[in-house]
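Peer 1: Top to bottom, those sequences are chains A and B. For the first sequence, numbering that gives the first Met the number 0 begins at 0 and goes up steadily by one. For the second sequence, numbering that gives the first Met the number 0 begins at 0 and goes up steadily by one. Virtual Cβ for every residue (Gly too), placed ideally from N, Cα, C. The structure that follows is given in the form of structure tokens.
2 protein chains.
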Amino acid sequence: MIERQSEAMRNVLLTIAYDGTDFCGWQIQPDQRSVQGEIERALSIVCDRAIRVNGTSRTDAGVHAYGQRASFQSDFSIPTDKIPVAANGLLVAAADRNRKNRRTSADVAILSAEDVPVYFHARFNSVGKKYIYKIRNSHAPDPFQRNYSYSVGKALDVRAMKKAAASLIGTFDFSAFQAAGGKEMESTVRTVYGTCIYTESSSKTIILEIIGDGFLYNMVRIIAGTLVDIGLGKKSPDEIPDIISGKCRQSAGHTAPPQGLYLAEVFYKKERMLESIKMMDGEQE
Amino acid sequence: MIERQSEAMRNVLLTIAYDGTDFCGWQIQPDQRSVQGEIERALSIVCDRAIRVNGTSRTDAGVHAYGQRASFQSDFSIPTDKIPVAANGLLVAAADRNRKNRRTSADVAILSAEDVPVYFHARFNSVGKKYIYKIRNSHAPDPFQRNYSYSVGKALDVRAMKKAAASLIGTFDFSAFQAAGGKEMESTVRTVYGTCIYTESSSKTIILEIIGDGFLYNMVRIIAGTLVDIGLGKKSPDEIPDIISGKCRQSAGHTAPPQGLYLAEVFYKKERMLESIKMMDGEQE
Numbered sequence: 000m001i002e003r004q005s006e007a008m009r010n011v012l013l014t015i016a017y018d019g020t021d022f023c024g025w026q027i028q029p030d031q032r033s034v035q036g037e038i039e040r041a042l043s044i045v046c047d048r049a050i051r052v053n054g055t056s057r058t059d060a061g062v063h064a065y066g067q068r069a070s071f072q073s074d075f076s077i078p079t080d081k082i083p084v085a086a087n088g089l090l091v092a093a094a095d096r097n098r099k100n101r102r103t104s105a106d107v108a109i110l111s112a113e114d115v116p117v118y119f120h121a122r123f124n125s126v127g128k129k130y131i132y133k134i135r136n137s138h139a140p141d142p143f144q145r146n147y148s149y150s151v152g153k154a155l156d157v158r159a160m161k162k163a164a165a166s167l168i169g170t171f172d173f174s175a176f177q178a179a180g181g182k183e184m185e186s187t188v189r190t191v192y193g194t195c196i197y198t199e200s201s202s203k204t205i206i207l208e209i210i211g212d213g214f215l216y217n218m219v220r221i222i223a224g225t226l227v228d229i230g231l232g233k234k235s236p237d238e239i240p241d242i243i244s245g246k247c248r249q250s251a252g253h254t255a256p257p258q259g260l261y262l263a264e265v266f267y268k269k270e271r272m273l274e275s276i277k278m279m280d281g282e283q284e
Numbered sequence: 000m001i002e003r004q005s006e007a008m009r010n011v012l013l014t015i016a017y018d019g020t021d022f023c024g025w026q027i028q029p030d031q032r033s034v035q036g037e038i039e040r041a042l043s044i045v046c047d048r049a050i051r052v053n054g055t056s057r058t059d060a061g062v063h064a065y066g067q068r069a070s071f072q073s074d075f076s077i078p079t080d081k082i083p084v085a086a087n088g089l090l091v092a093a094a095d096r097n098r099k100n101r102r103t104s105a106d107v108a109i110l111s112a113e114d115v116p117v118y119f120h121a122r123f124n125s126v127g128k129k130y131i132y133k134i135r136n137s138h139a140p141d142p143f144q145r146n147y148s149y150s151v152g153k154a155l156d157v158r159a160m161k162k163a164a165a166s167l168i169g170t171f172d173f174s175a176f177q178a179a180g181g182k183e184m185e186s187t188v189r190t191v192y193g194t195c196i197y198t199e200s201s202s203k204t205i206i207l208e209i210i211g212d213g214f215l216y217n218m219v220r221i222i223a224g225t226l227v228d229i230g231l232g233k234k235s236p237d238e239i240p241d242i243i244s245g246k247c248r249q250s251a252g253h254t255a256p257p258q259g260l261y262l263a264e265v266f267y268k269k270e271r272m273l274e275s276i277k278m279m280d281g282e283q284e
């Protein structure tokens with residue numbers, strides 16, 4: 000009996016995109032609308048049994064994702080390639096509840112689903128992640144950007160920010176860039192494989208891209224806030240090595256707000272991650 | 000005494016942008032959050048007296064604006080060029096109320112303020128308006144576009160849509176493109192000066208631009224819905240003249256949803272409008 004169940008057991012890896020504005024974050028919270036909660040509710044209907052998913056990254060309220068990943072195991076019967084369309088239809092209907100205007104798309108969507116070996120786990124098998132942080136740098140307000148970037152009115156020194164971002168690359172104890180609330184027992188050593196800063200002039204937006212093997216709680220937002228402080232001249236880019244070695248949260252900059260942050264990609268293969276790091280070097284120039 | 004008041008009376012024309020997602024529309028409604036209500040509350044504080052504004056266009060819930068205009072008369076003392084920054088600060092604070100995440104910009108902003116003659120009225124002095132309607136045409140869902148475009152999964156025939164859009168240009172009784180709720184006493188004759196349809200391939204979006212001397216209730220959304228029906232092959236572009244001359248709402252297409260619609264510009268000078276029509280012809284090619 001046990002053997003038959005395990006034979007029918009399937010393991011599916013999902014790629015998920017969401018606008019984090021109207022979510023309490025990735026993780027299920029009582030009486031709140033979470034991405035995980037919406038995904039699990041839709042999948043439980045599609046698979047006709049209770050589904051729990053393991054996400055790679057517990058993004059906070061307001062944080063977005065172009066490529067969150069999550070895996071789930073069950074012995075359901077729907078073909079894997081039919082899962083996205085079936086689940087997305089339910090996600091649209093759920094997002095439309097309590098909305099006056101009919102929408103034809105939801106604020107969360109499953110972009111793809113693929114079969115993976117039973118031992119595979121979306122979080123533990125990842126070799127790295129890429130985050131993007133968007134900073135709108137203009138004194139002119141843009142009502143359409145308020146949920147999608149950090150708005151900084153004063154002109155930022157992008158060259159100083161680039162220099163600072165480059166000095167974050169390497170394997171360090173990043174305690175100075177960790178918010179309270181991180182797990183104290185875990186190692187705070189992380190490797191940042193690459194960073195890149197460039198300006199998208201049409202939207203007056205400065206974009207930070209960062210790839211690492213993993214990130215501490217709020218690490219990318221504290222890095223973004225520190226880079227903004229450097230761009231404003233409140234800190235020098237030369238301070239980064241001392242901030243890292245001091246391991247003191249107070250010496251790093253402020254925590255940039257969640258709406259500028261995007262989980263861009265989760266890597267399961269080193270080659271794919273190396274390609275992404277190379278592409279970042281191209282954007283930089 | 001009356002003379003002194005009228006001497007001190009000033010008339011100011013505002014340009015306003017907003018993301019319509021979280022508003023009940025432009026017009027003040029009891030117990031709802033309207034653009035007009037937010038603007039008037041901020042201006043009443045900035046000007047230190049009760050301010051009522053006249054908007055050019057009563058956009059519906061979910062409809063956006065890049066360049067709404069509104070004028071107001073009062074005998075306040077703040078210099079005109081200081082109004083946007085002062086009011087925008089209050090608009091940000093108001094938008095942040097009830098929000099967990101601190102925002103540095105609001106979903107409505109005054110882009111500019113200028114002095115105009117006392118007889119000037121934002122609505123009655125306009126010679127025309129430009130609207131934009133955005134249709135995302137892809138089977139792949141994009142959670143970031145749900146509030147900012149009409150999502151159509153099936154491939155649209157853009158050539159047929161272009162042909163139909165061109166045949167809307169002219170002076171006609173546009174009753175067929177008017178929703179119930181329009182004022183029955185008013186003339187339903189309007190002049191469409193120009194239309195243009197082009198594809199923004201990076202976002203898989205088909206964009207309709209339309210300039211006219213004025214638009215009936217829901218006219219642009221019914222035009223957009225009719226063009227989508229034509230793009231889907233449900234109607235032929237050759238039917239447009241008959242739909243117009245039939246003056247029957249049922250023969251036109253469906254009403255496209257509000258989130259794709261943007262009030263782009265209000266014209267007060269014919270020359271500026273003619274320039275805009277010329278620019279549309281350039282985009283078309």
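Quick check: the Cα distance between glycine 152 of chain B and valine 84 of chain A, rounded to an integer number of angstroms?
Peer 2: Taking the second sequence and counting its residues from 1, the one referred to as residue 152 of chain B is at position 153. Taking the first sequence and counting its residues from 1, the one referred to as residue 84 of chain A is at position 85. Near 12 Å, if we compare the C-alpha coordinates of valine 84 of chain A and glycine 152 of chain B.
Peer 1: Are three or more beta carbon pairs between the stretch 248-265 of chain B and the stretch 60-67 of chain B nearer than 8 Å?
Peer 2: The answer is yes - the stretch 60-67 of chain B touches the stretch 248-265 of chain B, with three or more Cβ pairs under 8 Å.
Peer 1: In this structure, how does DSSP classify aspartate 18 of chain B when only helix, strand and coil are distinguished?
Peer 2: Residue mapping note: residue 18 of chain B aligns to position 19 of the second sequence, counting from 1. It is coil, neither helix nor strand.
Peer 1: Hey, would you say proline 142 of chain B sits closer than 9 Å to aspartate 18 of chain A, going by beta carbons?
Peer 2: Within the second sequence, residue 142 of chain B is the residue found at index 143, counting from 1. Within the first sequence, residue 18 of chain A is the residue found at index 19, counting from 1. For proline 142 of chain B and aspartate 18 of chain A, yes; Cβs fall inside 9 Å.
Peer 1: Identify which residue in B:Asp228, B:Tyr192 and B:Leu89 has its Cα closest to the Cα of glutamate 274 of chain B.
Peer 2: For this step, residue 274 of chain B is matched to residue 275 along the second sequence. Comparing Cα-Cα distances from glutamate 274 of chain B to each of B:Asp228, B:Tyr192 and B:Leu89, the minimum goes to B:Tyr192.
Peer 1: Can you tell me which of the three DSSP states serine 148 of chain B falls into?
Peer 2: On the second sequence, position 149 is the one that residue 148 of chain B refers to. It is coil, neither helix nor strand.
Peer 1: Nearest CA to the CA of phenylalanine 173 of chain B: which residue from B:Asp21, B:Leu215, B:Tyr149 and B:Asp156?
Peer 2: As a first step, residue 173 of chain B must be located in the second sequence, where it is residue number 174. When only C-alpha atoms are compared, the closest one is B:Leu215.
Peer 1: Could you tell me whether the stretch 69-84 of chain A touches the stretch 106-123 of chain A, where touching means 3 or more Cβ pairs closer than 8 Å?
Peer 2: As far as the Cβ criterion goes, the stretch 69-84 of chain A touches the stretch 106-123 of chain A, which means the pair count is three or higher.
Peer 1: Given a cut-off of 9 Å, decide if lysine 129 of chain A and proline 236 of chain A are closer than it, judged by their beta-carbon atoms.
Peer 2: One-based indexing of the first sequence puts residue 236 of chain A at position 237. One-based indexing of the first sequence puts residue 129 of chain A at position 130. Contact flag unset, no.
Peer 1: For the alpha helix (DSSP H) that contains asparagine 87 of chain A, what are its first and last residues?
Peer 2: For the purposes of this step, residue 87 of chain A is taken as residue 88 along the first sequence, with counting starting at 1. Start and end: 82-95.
Peer 1: Which of the three DSSP states, helix, strand or coil, is assigned to isoleucine 210 of chain B?
Peer 2: For this step, residue 210 of chain B is matched to residue 211 along the second sequence. Here isoleucine 210 of chain B sits in strand by DSSP.
Peer 1: What's the gap between the Cα of lysine 268 of chain A and the Cα of glycine 127 of chain A?
Peer 2: Taking the first residue of the first sequence as position 1, residue 268 of chain A is located at position 269. Taking the first residue of the first sequence as position 1, residue 127 of chain A is located at position 128. Between lysine 268 of chain A and glycine 127 of chain A, the C-alpha separation is close to 9 Å.
Peer 1: Give a yes or no on contact between the stretch 16-32 of chain A and the stretch 115-126 of chain A, applying the rule of three or more CB pairs nearer than 8 Å.
Peer 2: Too few Cβ pairs lie closer than 8 Å, so no.
Peer 1: Going by C-alpha to C-alpha distance, which of A:Tyr147, A:Gln67 and A:Ile205 sits closest to aspartate 156 of chain A?
Peer 2: Within the first sequence, numbered from 1, the residue matching residue 156 of chain A stands at position 157. When only C-alpha atoms are compared, the closest one is A:Ile205.
Peer 1: Could you give the residue range of the beta strand (DSSP E) that holds cysteine 195 of chain A?
Peer 2: Walking along the first sequence from the start, residue 195 of chain A turns up at place 196. 188-199 is the span of the beta strand (DSSP E), which, as asked, contains cysteine 195 of chain A.
Peer 1: Who are the neighbours of phenylalanine 300 of chain B on chain A, taking C-beta pairs under 7 Å?
Peer 2: In this structure chain B extends from 0 to 284, so residue 300 of chain B is not present and cannot be described.
Peer 1: In chain order, what residues of the same chain have a beta carbon less than 7 Å from the beta carbon of alanine 178 of chain B, not counting five sequence neighbours either side?
Peer 2: Here the question's residue 178 of chain B lines up with position 179 in the second sequence. Contacts found: Tyr216, Asn217, Ile221 and Thr254.
Peer 1: Alpha carbon to alpha carbon, how far is isoleucine 239 of chain B from threonine 190 of chain B?
Peer 2: For the purposes of this step, residue 239 of chain B is taken as the residue at position 240 of the second sequence. For the purposes of this step, residue 190 of chain B is taken as the residue at position 191 of the second sequence. Distance between the alpha carbons of isoleucine 239 of chain B and threonine 190 of chain B: 15 Å.
Peer 1: Among B:Val219, B:Ser148 and B:Asn10, whose alpha-carbon lies nearest the alpha-carbon of leucine 167 of chain B?
Peer 2: As a position in the second sequence, residue 167 of chain B is number 168, starting the count at 1. Nearest of B:Val219, B:Ser148 and B:Asn10 to leucine 167 of chain B, Cα basis: B:Val219.
Peer 1: Per DSSP, what kind of secondary structure is methionine 0 of chain A in: helix, strand or coil?
Peer 2: To locate residue 0 of chain A, count along the first sequence from 1; it is residue 1. Because methionine 0 of chain A sits at a pLDDT of 41, beneath the cut-off of 50, its placement in the model cannot be relied upon, and the point is left open.
Peer 1: In angstroms, rounded to a whole number, what distance separates the CA positions of isoleucine 276 of chain A and isoleucine 210 of chain A?
Peer 2: To locate residue 276 of chain A, count along the first sequence from 1; it is residue 277. To locate residue 210 of chain A, count along the first sequence from 1; it is residue 211. So the two alpha carbons sit approximately 7 Å from each other.
Peer 1: Where do the ends of the beta strand (DSSP E) carrying alanine 263 of chain A lie?
Peer 2: Within the first sequence, the letter at position 264 stands for residue 263 of chain A. That run of the beta strand (DSSP E) goes 260-266.
Peer 1: Between the alpha carbons of isoleucine 15 of chain B and lysine 133 of chain A, how many angstroms are there, rounded?
Peer 2: The residue given as residue 15 of chain B occupies position 16 in the second sequence. The residue given as residue 133 of chain A occupies position 134 in the first sequence. Their Cα atoms are separated by approximately 24 Å.
Peer 1: Residues of chain A with a CB under 7 Å from the CB of valine 157 of chain B: which are they?
Peer 2: For the purposes of this step, residue 157 of chain B is identified with residue 158 of the second sequence, where counting begins at 1. Near valine 157 of chain B there are no residues of chain A at all, since even the closest Cβ is about 19 Å away, more than 7 Å.
Peer 1: Could one say the Cβ of alanine 105 of chain B lies closer than 9 Å to chain A's Cβ atoms, at least one of them?
Peer 2: In the second sequence, the residue the question calls residue 105 of chain B occupies position 106. So yes, alanine 105 of chain B belongs to the interface.
Peer 1: Taking 9 Å as the CB-CB limit, is arginine 135 of chain B close to chain A?
Peer 2: Here residue 135 of chain B is taken as the residue at index 136 of the second sequence, counted from 1. It does; some Cβ of chain A falls within 9 Å.
Peer 1: Is the beta carbon of alanine 93 of chain B less than 9 Å from the beta carbon of glutamate 39 of chain B?
Peer 2: By 1-based counting over the second sequence, the position of residue 93 of chain B is 94. By 1-based counting over the second sequence, the position of residue 39 of chain B is 40. No, the pair does not count as a contact, with Cβ atoms beyond the cut-off.
Peer 1: So with CB distances below 7 Å, who are the chain B contacts of serine 200 of chain A?
Peer 2: In the first sequence, counting from the first residue as 1, residue 200 of chain A sits at position 201. Within 7 Å Cβ-Cβ: nothing; serine 200 of chain A doesn't reach chain B, min ~15 Å.
Peer 1: Under 8 Å Cβ-Cβ, which residues of chain B neighbour alanine 108 of chain A?
Peer 2: Residue 108 of chain A sits at position 109 when you count from the first residue of the first sequence. In chain order: Pro140, Asp141 and Pro142.
Peer 1: Out of B:Val265, B:Val227, B:Phe119 and B:Glu270, which one is the CA nearest neighbour of alanine 251 of chain B?
Peer 2: The residue you call residue 251 of chain B lines up with position 252 of the second sequence. Of the candidates B:Val265, B:Val227, B:Phe119 and B:Glu270, the one whose C-alpha sits nearest the C-alpha of alanine 251 of chain B is B:Val227.
Peer 1: Which residue or residues does DSSP assign as beta-bridge partners of isoleucine 242 of chain A?
Peer 2: One-based indexing of the first sequence puts residue 242 of chain A at position 243. DSSP lists no partner for isoleucine 242 of chain A.
Peer 1: What does phenylalanine 71 of chain A pair with, by DSSP beta-bridge criteria?
Peer 2: Position 72 of the first sequence, counted from the start, is the residue given in the question as residue 71 of chain A. According to DSSP, which records beta bridges pairwise, phenylalanine 71 of chain A is partnered with A:Val11.
Peer 1: Output the distance between the C-alpha atoms of aspartate 241 of chain A and serine 104 of chain A, rounded to the nearest integer angstrom.
Peer 2: Against the first sequence, residue 241 of chain A aligns to sequence position 242. Against the first sequence, residue 104 of chain A aligns to sequence position 105. Those two C-alpha atoms are separated by around 47 Å.
Peer 1: I'd like the list of long-range same chain contacts for glutamate 2 of chain A, defined as Cβ closer than 7 Å, with 5 residues on each side in sequence excluded.
Peer 2: Against the first sequence, residue 2 of chain A aligns to sequence position 3. Caution applies to glutamate 2 of chain A, whose pLDDT of 44 falls short of 50 and renders its modelled position unreliable; the model cannot decide the point.
Peer 1: Tell me, please, whether the CB atom of asparagine 217 of chain A is closer than 9 Å to any CB atom in chain B?
Peer 2: As a working note, residue 217 of chain A is residue 218 in the first sequence. Asparagine 217 of chain A does not count as touching chain B.
Peer 1: Nearest by alpha-carbon distance to asparagine 10 of chain A: which of A:Thr187, A:Asp74, A:Ser137 and A:Ile229 is it?
Peer 2: As a first step, residue 10 of chain A must be located in the first sequence, where it is residue number 11. For the residues A:Thr187, A:Asp74, A:Ser137 and A:Ile229, the minimum Cα distance to asparagine 10 of chain A belongs to A:Asp74.
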